[in-house]
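Going down the list, the protein sequences come from chains A and B. If you count the first sequence from 1, position 245 lands on 245 in our numbering, and the numbers rise without skipping. If you count the second sequence from 1, position 78 lands on 1078 in our numbering, and the numbers rise without skipping. Below: one structure, written as structure tokens.
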Amino acid sequence: MHMADALLSPSVGTTMWAVAAGAAAYAAKRTAGDELCERKIPLMGVLGSFVFAAQMINFTIPMTGSSGHIGGGILLAALLGACPSFLTVVVILAIQCLFFADGGLLALGGNIVNLGLVPCLVVYPLVYRPIAERIPSPRRITAASILGVVVSLQLGAFLVVLETLLSGVAELPFSAFLMLMQPIHLAIGVVEGIVTASILCFVYASRPEIIEGAASQNRPVSRAALPAFAAAALLVGGALSSFASGLPDGLEWAVGKIAGSPELEAAGVAYEQAAEIQGTTAIMPGYAFASEGAEGAENSPSGTPVAGVTGGVITFLTIAALGGVISRFRARRAHSG
Amino acid sequence: MTHTSNFAAKIRDIYSIESISSGNSVLHRLHPGAKITATAFFLAVVVSFGRYDFSRPVPLLSYPVLAAALGGVPYALLLRRFSLALPFCLLAGTANLYFDRAAAFTLGGVAVSFGILSLFSILLRAFLCVMAVLILAAATPFTHLTAQLERMRVPSVLITLFEVTYRYLGTLIDEASSMYTAYSLRCGGESRVKMRDMGSFAGQLLLRSFDRAERVYAAMKCRGYRSCRVRQERVPFAAADYAYMFLVCGSALLFRLTDVTSAVGRLAARLP
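Here is the structure:
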């Protein structure tokens, strides 16, 4: 469910970054304020590495022949509490992005919200905690884990759909994309929930003090913060993103103005939102090309297509040759040095 | 690929980037702040292209290609990592192929649909983004990266956590790998863990991680660890850092504002 940079628009990407950064700053402040923080940081780090390792263990899903792996958000939250687990997920996602090309840097904000903020700061305090934490028992832990993971994945998948569509890079219709993502993630959620539950129950059976300790130590997310996160989610889901999704067009408009590119004048779609923002009646670039069909040929986004294709091939070959020459030069120098 | 070699490959993956990042090339010697700024600007330029721009971003390939060459980052490693990022982009791009079937133009008598353009555009942009981030990670030593994050006022809890998690990745993957080998041998060479065994399998690993965290904490404490970090000194940018930033950002902006690819194509068409 990691989103890639290429599927996000700059405005959706930066909006999600802002939300993620705000939540991380809040969680860091609360964690640092904890008197047990010093002891907890090595634990959070090692558990972060544990989730990495555990995600690599593929298990067989009975009767399907396919395999799955655990997610980790709810598992970490049950062991560490809301804010520390959120920070741990942030770090895991950052490492995956930087060193494993799993999810982009611009998309990191979105991934943190979908895979970290949702399970750790929203679902854990609202779903898992009320069921499992007061009087932990294997039955309660199981119910809370399955429900928690399923709800987290459903919300996360919904946000992925929303963010992708608001970015306007993929052409998938909203309902079709939603119908594809939600049921798949329901199935994944049930399996992942069962595995999370069995891990937590195992830990509870062999070392109950870990689960009980987590329950008594965890400072819940403050009551004031919960509505703030809900409001942030709504704001992102609704108002802010729809406002922001007008911005890439605004950006292109501005770039087009500077560059004086003919393609922009050719496609006359007035974009009221951007016009309001920019205080001018903007001529927007052609996101309506497809409906214009073959007539759109002259308005081809890359100037004349033949020049674009030929130029693309020549440019690519030149760059590749240049890269090859530098690499060889470096290798020779390293060899002689 | 067997499961054990999967673990080994992951460990190799981690250390391959780490060993490259400790190199001593021109790129490695630059200020991490300059590299982070240039990467962020480059990413913003890449994703700002229109969804059907299939040829205009091509000149931007010069950044990853030249930077990888200068920094001594092997292309094979970058391409292998790119294949990891591919599936989701391919899914979205292929969907565009189906939903966006209007013809954009004809090329030598063959109609090219907008879907094809957007698929190509998504793949090209995904490639550029993944390369830019990997080059940043491969050309910046991990400690320089975290020091720069600290200078950028990222909370110290997050930075210490980042360092500890990164440090123990290999150890825990190694541990999971040996547990897996033992499990596999006991089960007559099963290639995957049975779902009903997952609780005790991952649970064992989790308990070991808890114990390890205690030992790590004790060891850190013995070496004078306190939760507050030593503040990083500001390191000013050198002329080379400014030049690098100006070069990357300037050329990215130039390629964004002008259609270099078409100009090259037209020029080539005029030649005999």
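Cβ atoms here follow ideal geometry from the backbone N, Cα and C, with glycine treated the same way.
Going by beta carbon distance, what residues of the same chain come within less than 7 Å of residue i, once the five residues before and after it are set aside?
i, result
"residue 338 of chain A", "The first residue shown for chain A is 1 and the last is 337, placing residue 338 of chain A beyond what the model contains."
"residue 1122 of chain B", "1089, 1092, 1093"
"residue 1026 of chain B", "1070"
"residue 156 of chain A", "1, 114, 115, 118"
"residue 160 of chain A", "1, 3, 114, 181"
"residue 260 of chain A", "Bear in mind that the predicted position of residue 260 of chain A carries a pLDDT of just 46, short of 50, making it too unreliable to give a figure here."
"residue 329 of chain A", "none"
"residue 1014 of chain B", "1169, 1170"
"residue 197 of chain A", "141, 142, 145, 146"
"residue 1282 of chain B", "Nothing about residue 1282 of chain B can be read from this structure; chain B reaches only from 1001 to 1272."
"residue 1051 of chain B", "1118, 1121"
My assumption, with CB atoms under 8 Å, is that residue i sits in contact with residue j. Please give the rounded CB distance.
i, j, result
"residue 209 of chain A", "residue 12 of chain A", "That belief does not hold up - the Cβ atoms of residue 209 of chain A and residue 12 of chain A are roughly 44 Å apart, past 8 Å."
"residue 193 of chain A", "residue 146 of chain A", "3 Å"
"residue 189 of chain A", "residue 149 of chain A", "5 Å"
"residue 344 of chain A", "residue 1261 of chain B", "Examination of residue 344 of chain A is not possible in this model, given that chain A is present from 1 through 337 alone."
"residue 1035 of chain B", "residue 1139 of chain B", "7 Å"
"residue 1057 of chain B", "residue 1125 of chain B", "6 Å"
"residue 1082 of chain B", "residue 101 of chain A", "6 Å"
"residue 52 of chain A", "residue 1198 of chain B", "Incorrect: roughly 16 Å between the Cβ atoms, too far for contact."
"residue 1019 of chain B", "residue 1077 of chain B", "That belief does not hold up - the Cβ atoms of residue 1019 of chain B and residue 1077 of chain B are roughly 11 Å apart, past 8 Å."
"residue 89 of chain A", "residue 123 of chain A", "Their Cβ separation, rounded to whole angstroms, is 12 Å, which puts residue 89 of chain A and residue 123 of chain A out of contact at 8 Å."
Quick check on residue i: does DSSP put it in helix, strand or coil?
i, result
"residue 253 of chain A", "Summary for residue 253 of chain A: the model assigns pLDDT 44, below 50, so the residue's position carries little reliability; its value from the coordinates is reported in the next sentence. In the structure shown, residue 253 of chain A sits in a helix (DSSP, three-state: H, G or I)."
"residue 27 of chain A", "helix"
"residue 137 of chain A", "coil"
"residue 1260 of chain B", "helix"
"residue 1171 of chain B", "helix"
"residue 169 of chain A", "coil"
"residue 191 of chain A", "helix"
"residue 1140 of chain B", "coil"
"residue 1235 of chain B", "coil"
"residue 1041 of chain B", "helix"
"residue 1193 of chain B", "strand"
"residue 59 of chain A", "strand"
"residue 1014 of chain B", "helix"
"residue 330 of chain A", "helix"
"residue 74 of chain A", "helix"
"residue 2 of chain A", "coil"
"residue 179 of chain A", "helix"
"residue 1187 of chain B", "coil"
"residue 1152 of chain B", "coil"
"residue 1048 of chain B", "coil"
"residue 1225 of chain B", "coil"
"residue 9 of chain A", "coil"
Below 6 Å CB to CB, which residues in the same chain sit around residue i once its five sequence neighbours on both sides are set aside?
i, result
"residue 195 of chain A", "70"
"residue 109 of chain A", "16, 17, 20"
"residue 1255 of chain B", "1059, 1060"
"residue 1031 of chain B", "1237, 1241"
"residue 144 of chain A", "128, 131, 132"
"residue 1102 of chain B", "1114"
"residue 1072 of chain B", "1023, 1025"
Where does the unbroken beta strand (DSSP E) through residue i begin, and where does it stop?
i, result
"residue 1025 of chain B", "Where residue 1025 of chain B is concerned, there is no enclosing beta strand (DSSP E), given that its DSSP letter is neither H nor E."
"residue 1113 of chain B", "1110 to 1113"
"residue 1105 of chain B", "1103 to 1107"
List the residues of chain C that residue i touches, going by C-beta distances under 9 Å, in chain order.
i, result
"residue 1118 of chain B", "This model lacks chain C altogether, as its protein chains are A and B."
Along the chain, where does the alpha helix (DSSP H) containing residue i start, and where does it finish?
i, result
"residue 109 of chain A", "108 to 112"
"residue 88 of chain A", "82 to 100"
"residue 1218 of chain B", "1198 to 1222"
"residue 49 of chain A", "37 to 55"
"residue 1066 of chain B", "1062 to 1071"
"residue 1075 of chain B", "1075 to 1099"
"residue 1056 of chain B", "No alpha helix (DSSP H) holds residue 1056 of chain B; DSSP gives it neither H nor E."
"residue 131 of chain A", "129 to 132"
So, at 8 Å on beta carbons, what are the nonlocal neighbours of residue i in its own chain, with the 5 sequence-adjacent residues on each side left out?
i, result
"residue 103 of chain A", "2, 3, 4, 93, 96, 97, 111"
"residue 1201 of chain B", "1179, 1183, 1193"
Nearer than 8 Å: is that true of the beta carbon of residue i relative to any heavy atom of the ligand ATP?
i, result
"residue 1080 of chain B", "This structure does not include the ligand ATP; it has no bound ligands of any sort."
Would you call the region 1155 to 1168 of chain B and the region 39 to 49 of chain A touching, i.e. three or more CB-CB distances under 8 Å? A contact exists between the region 1155 to 1168 of chain B and the region 39 to 49 of chain A.
Please confirm if the region 1101 to 1115 of chain B is in contact with the region 1079 to 1089 of chain B, defined as three or more CB-CB distances below 8 Å between the two stretches. In short, these stretches do not touch, since the Cβ pair count stays below three.
Does the region 106 to 115 of chain A come into contact with the region 1 to 10 of chain A, if we say contact requires no fewer than three beta-carbon pairs (one atom in each stretch) closer than 8 Å? A contact exists between the region 106 to 115 of chain A and the region 1 to 10 of chain A.
Between the region 28 to 43 of chain A and the region 1206 to 1218 of chain B, can you find at least three pairs of beta-carbon atoms closer than 8 Å? Taking 8 Å as the limit for Cβ pairs, the verdict is that the region 28 to 43 of chain A does touch the region 1206 to 1218 of chain B.
Tell me whether the region 122 to 130 of chain A and the region 173 to 188 of chain A touch, counting them as touching only if at least three CB pairs, one residue from each stretch, are closer than 8 Å. A contact between stretches requires three or more CB pairs, one per stretch, nearer than 8 Å, and the region 122 to 130 of chain A fails this requirement with the region 173 to 188 of chain A.
Is the number of C-beta pairs between the region 1018 to 1025 of chain B and the region 1232 to 1239 of chain B that are closer than 8 Å three or more? Under the 8 Å Cβ criterion, the region 1018 to 1025 of chain B does not count as touching the region 1232 to 1239 of chain B, having fewer than three qualifying pairs.
Would you check if there are 3 or more beta carbon pairs closer than 8 Å linking the region 23 to 35 of chain A to the region 76 to 86 of chain A? With a cut-off of 8 Å, the region 76 to 86 of chain A and the region 23 to 35 of chain A count as touching, because enough Cβ pairs lie within range.
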